[in-house]
Amino acid sequence: MSVSAGPDGRLGERLRRLVWREAERLGFSAFGVADPGGLAAAGRDLADFLAEGRHGTMSWMAETAARRGDPRVLWPEVRSILVFAFDYGPEANPLDRPADPSRGEISVYARNRDYHELIKGRLKEIAGKLAAEAKRAGVGCDLKVFVDTAPVMEKPLAQAAGIAWVAKSTLAISRRIGGWFFLGSIFTTLDLPFDVPETSHCGSCRRCLDVCPTAALEPHRIDARRCLSYLSIEHAGPIPVEFRAAMGDRIYGCDDCLAICPWNRFARATREAKLAARPELVRPRLAELVGLDDAGFRTLFAGSPVKRIGRDRLLRNVLVAIGNSGDPAFVEAVAARLDDPAGVVRGAAVWALGRMAPARFAAEATRRLDAEADPDVAAEWRRTAEA
Ligand code: B12
Ligand code: SF4
Ligand code: SF4
Numbered sequence: 058m059s060v061s062a063g064p065d066g067r068l069g070e071r072l073r074r075l076v077w078r079e080a081e082r083l084g085f086s087a088f089g090v091a092d093p094g095g096l097a098a099a100g101r102d103l104a105d106f107l108a109e110g111r112h113g114t115m116s117w118m119a120e121t122a123a124r125r126g127d128p129r130v131l132w133p134e135v136r137s138i139l140v141f142a143f144d145y146g147p148e149a150n151p152l153d154r155p156a157d158p159s160r161g162e163i164s165v166y167a168r169n170r171d172y173h174e175l176i177k178g179r180l181k182e183i184a185g186k187l188a189a190e191a192k193r194a195g196v197g198c199d200l201k202v203f204v205d206t207a208p209v210m211e212k213p214l215a216q217a218a219g220i221a222w223v224a225k226s227t228l229a230i231s232r233r234i235g236g237w238f239f240l241g242s243i244f245t246t247l248d249l250p251f252d253v254p255e256t257s258h259c260g261s262c263r264r265c266l267d268v269c270p271t272a273a274l275e276p277h278r279i280d281a282r283r284c285l286s287y288l289s290i291e292h293a294g295p296i297p298v299e300f301r302a303a304m305g306d307r308i309y310g311c312d313d314c315l316a317i318c319p320w321n322r323f324a325r326a327t328r329e330a331k332l333a334a335r336p337e338l339v340r341p342r343l344a345e346l347v348g349l350d351d352a353g354f355r356t357l358f359a360g361s362p363v364k365r366i367g368r369d370r371l372l373r374n375v376l377v378a379i380g381n382s383g384d385p386a387f388v389e390a391v392a393a394r395l396d397d398p399a400g401v402v403r404g405a406a407v408w409a410l411g412r413m414a415p416a417r418f419a420a421e422a423t424r425r426l427d428a429e430a431d432p433d434v435a436a437e438w439r440r441t442a443e444a
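Straight run, no breaks: the sequence shown in this note's numbering ends on number 444.
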C-alpha cells in the first residue's frame, strides 16, 4: 500500500531537501523526481527498438520489455522515482588522443572501478536516510535501488525527473553537467513532489550523428548492432567484418558520440578517486594485452568493468586493433595466437595477420583451414587465402 507524504506537500519538500543534501555529500551532481506514469512514449520507443531487432543479441532487453517499458509494471506500488546523476568525466577529451598504433583505447567509464556497486552503495545510504526521516514523521515507506542492470529505462526517467534530456545521440545530456555521468534511481512508495520534465536542447546540432564511425545513429534512435560499444562489449562472436576497420584502436566501448557533444563544456572531471583513470588502463600497450592469459587478464582488470567481458572477448578486440594498426612489429605476437584455445581469438588473429603480413601466411592457410574445427575460424582462413 502506498503512503502519502502529506496532502500539502510540506513533508515531501522536506524529504526532497534531505535527499539532495545527502546526494551532494555523497558526490552526486544532479537529482530529480519523476512521475512513474510519465514514460509512455519511451515504452513505445522501446517496443519499436525491439521489434526492429536493434537490440541485437541483448535478449535480456526483450525478455524484460513489459517491466522495462513501464516502472508501474516493474513495481505496481511505486509512487515516485528519484533519479541521480554521478559524474565520471575524463581529464582530457578522448577524441583528442594522439594517433599511436601501439596502443588501444578503453572507454572512459571503464578505466577504473566498476561503477555499479559504488553507486548502488551510495544510493542505498540515501534510501536509508530517506526511510528513517519519513518514519520519524510517522510515514512508512518501501524503497528499491536500481543502477543500470535492472529493467529500468534510466535515460527517459532522467528526462522525466528534469535532470537531462534523451538527446540525438540517445544519451542523456544536461545543460548543467554535460553528458559524462552515470544514472541510478530509487523507486519509492512515498509521494514526493515531481520535477518538470526536461526538454531537448540539441537544436539543429548533429555532431554526434556525424562522428559515429559506423553510422549507428539517427536522431534519437540507435541501432545497437552497428554500435562499437555493443560490438566490443556485448557481442560474443567474431566482430562482423564490415565493422572491423571502423573499430580503429577501440578495444572496449566507444565514447565518440558522447565526447563530441558541445554540452560537455559544462562537464567536470570526476572527483571520485574510484572512477578516476588508473594509468595502466589509459591507452594500454597492445603488445602487453595480446599476450594475456586468463590469470593475467583477471589481475590487470580486477574490479574494472572490462573484467565482465572476459579474456577471450578482450583479446578479440585487441587483435582487431592490432590488425588496424598495420604495424609489422606485432606479427610474431599475433602468430602466437593462431593456436589459442579460444576460436574467437584465433579467428581475430587470422584477420589481423591478413592485414599485416598476408604473403607470409597465404601458404599456411590451406593447411590451417583443413585442421580448423571452428567454422568461424575456418571462414577467416578462407577469406585470407582468397584475398
Ligand atoms: C542497452 C544499453 C546500451 C546499448 C544500447 C544503447 C542505447 N542507446 O539504448 C549499448 C550496448 C549500445 C550501450 C552503449 C553505451 N552505453 Co549504455 N546502456 C544500456 C542500458 C542498459 C539500457 C538502455 C535502453 O533501455 N535502451 C533502449 C532504448 C530504446 O531506450 P533509451 O535509450 O533509454 O530511450 C529511448 C527513448 O527514450 C527514445 N526517445 C527519446 N526521445 C525521443 C524523441 C524521438 C523523436 C524519438 C524518435 C525517440 C526518442 O529514444 C531513446 C533511444 O532509442 C542503459 C541502462 C538503463 N537501465 O537504462 C545503459 C546506459 C544508457 N549506457 C550508458 C553508457 C555510458 C553507454 C556508453 C557511453 C558506454 C561506452 N562508452 O561504450 C555507450 C553509448 C552508446 C549510445 N550512443 O547510446 C549510460 C548512459 C548515461 C547517460 N548520460 O546517458 C546508461 C544510462 C548506464 C548508466 N546507468 O549510467 N548501452
Ligand atoms: S558509441 Fe560509438 S559506435 Fe556507438 S553510437 Fe556512439 S559513436 Fe557510434
Ligand atoms: S552532439 Fe549535438 S545533437 Fe548530439 S547530443 Fe550533443 S547537442 Fe545533441
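All residues carry an ideal CB built from backbone N, CA and C; glycine is no exception. Everything numeric in this text was worked out from a predicted model, so none of it was measured.
#### Entry: From Glu389, Ala414, Arg335, Ala406, residue whose alpha carbon lies closest to that of arginine 370
Ala406
### Task
Could you check how far apart the C-beta atoms of valine 363 and isoleucine 163 are, in whole angstroms? I think they sit under 8 Å.
7 Å
#### Entry: C-alpha gap between proline 128 and proline 151, whole angstroms
35 Å
### CB contact below 8 Å: serine 226 versus chain B
No chain B appears in the structure shown, which is made up of a single protein chain.
### Query
Three or more beta-carbon pairs under 8 Å between the segment 215 to 223 and the segment 80 to 96, yes or no?
yes
### Query
Alpha carbon to alpha carbon, what distance is there between proline 341 and glycine 100?
40 Å
### Query
For valine 434, is the classification buried or exposed, using 16 other Cβ atoms within 10 angstroms of its Cβ as the cut-off for buried?
buried
#### Entry: Collapsed DSSP secondary structure at aspartate 396 in the structure displayed
helix
### Query
Near leucine 103, which residues of its chain fall below 7 Å by C-beta distance, leaving aside the five closest residues on each side in sequence?
Ala122, Arg125, Gly126, Met210
### Message
Quick test of the definition: if touching needs 3 or more C-beta pairs under 8 Å, does the segment 303 to 310 touch the segment 250 to 260?
### Response
no
### Query
When the Cα atoms are used, what is the spatial distance from glutamate 109 to tryptophan 237?
29 Å
### Message
Tell me the residue span of the alpha helix (DSSP H) that contains tyrosine 172.
### Response
172 to 193
### Message
Given a cut-off of 8 Å on the beta-carbon distance, is the pair alanine 324 and isoleucine 234 in contact?
### Response
yes
### Contact set for threonine 114: own chain, Cβ-Cβ below 8 Å, skip 5 residues either direction
Glu291, His292, Ala293
### Query
Helix, strand or coil: which one does DSSP assign to threonine 271?
coil
### Query
Taking the C-alpha atoms as reference points, what is the distance between alanine 188 and cysteine 284?
40 Å
### Message
Please give me, in chain order, every unbroken run of the alpha helix (DSSP H) with length at least 4 that falls completely inside the segment 382 to 441.
### Response
388 to 392, 400 to 413, 415 to 428
### Task
Return the CA-CA distance between aspartate 144 and alanine 326, expressed in angstroms with no decimal places.
7 Å
### Query
Skipping 5 residues on each side, what residues in its chain have a beta carbon closer than 8 Å to that of glycine 383?
Pro158, Arg412, Met413
### Query
Buried or exposed: which applies to proline 385, given that a residue is buried once 16 or more other Cβ atoms fall within 10 Å of its Cβ?
exposed
### Message
For arginine 301, which residues in the same chain have their Cβ closer than 6 Å to its Cβ, ignoring the five residues on either side in sequence?
### Response
Val377
### Query
Are the beta-carbon atoms belonging to valine 401 and arginine 373 less than 8 Å from one another?
yes
### Message
Taking its Cβ as the centre, do 16 or more other Cβ atoms sit within 10 Å of valine 196, making it buried, or is it exposed?
### Response
buried
### Query
Going along the chain, which residues of its own chain have a beta-carbon closer than 8 Å to the beta-carbon of aspartate 171, five neighbours each way excluded?
Gly360, Ser361, Pro362, Lys364, Arg365
### Query
If you run the structure through DSSP and keep just helix, strand and coil, what is isoleucine 11?
The structure shown does not extend to residue 11, since the chain is modelled only from 58 through 444, so no value can be given for it.
### Message
If the criterion is Cβ atoms closer than 8 Å, does the pair threonine 245 and valine 135 meet it?
### Response
yes
### Query
From arginine 111 to phenylalanine 358, what distance separates their C-alpha atoms?
30 Å
### Query
In chain order, what are the residues with a CB under 5 Å from some non-hydrogen atom of ligand 3?
Ala224, Lys225, Ser226, Cys259, Cys262, Arg264, Cys265, Cys318
### Message
Assuming lysine 201 is part of the beta strand (DSSP E), what are its boundary residues?
### Response
200 to 203
#### Entry: Extent of the continuous alpha helix (DSSP H) to which alanine 333 belongs
That residue, alanine 333, is in no alpha helix (DSSP H); it is neither H nor E in DSSP.
### Message
I want to check one thing, is the minimum distance from the CB of isoleucine 279 to the heavy atoms of ligand 1 below 7 Å?
### Response
yes
### Query
Out of curiosity, what's the CA-to-CA distance linking methionine 58 and leucine 332?
With a pLDDT of only 32 at methionine 58, under 50, the local geometry of the prediction cannot be trusted, and the value read off the model is given with reservation. For methionine 58 and leucine 332, the distance between alpha carbons rounds to 39 Å.
#### Entry: Beta-bridge partners of valine 90, as assigned by DSSP
Leu139
#### Entry: Heavy atom of ligand 1 within 7 Å of serine 164 beta-carbon
yes
### Query
Per DSSP, which one or two residues make a beta bridge with serine 447?
Within the shown structure, residues of the chain are numbered from 58 to 444, placing residue 447 beyond reach of any answer.
### Query
In its own chain, which residues sit with a C-beta less than 6 Å from the C-beta of alanine 184, not counting the 5 before and 5 after it?
Leu200, Val202, Ile243
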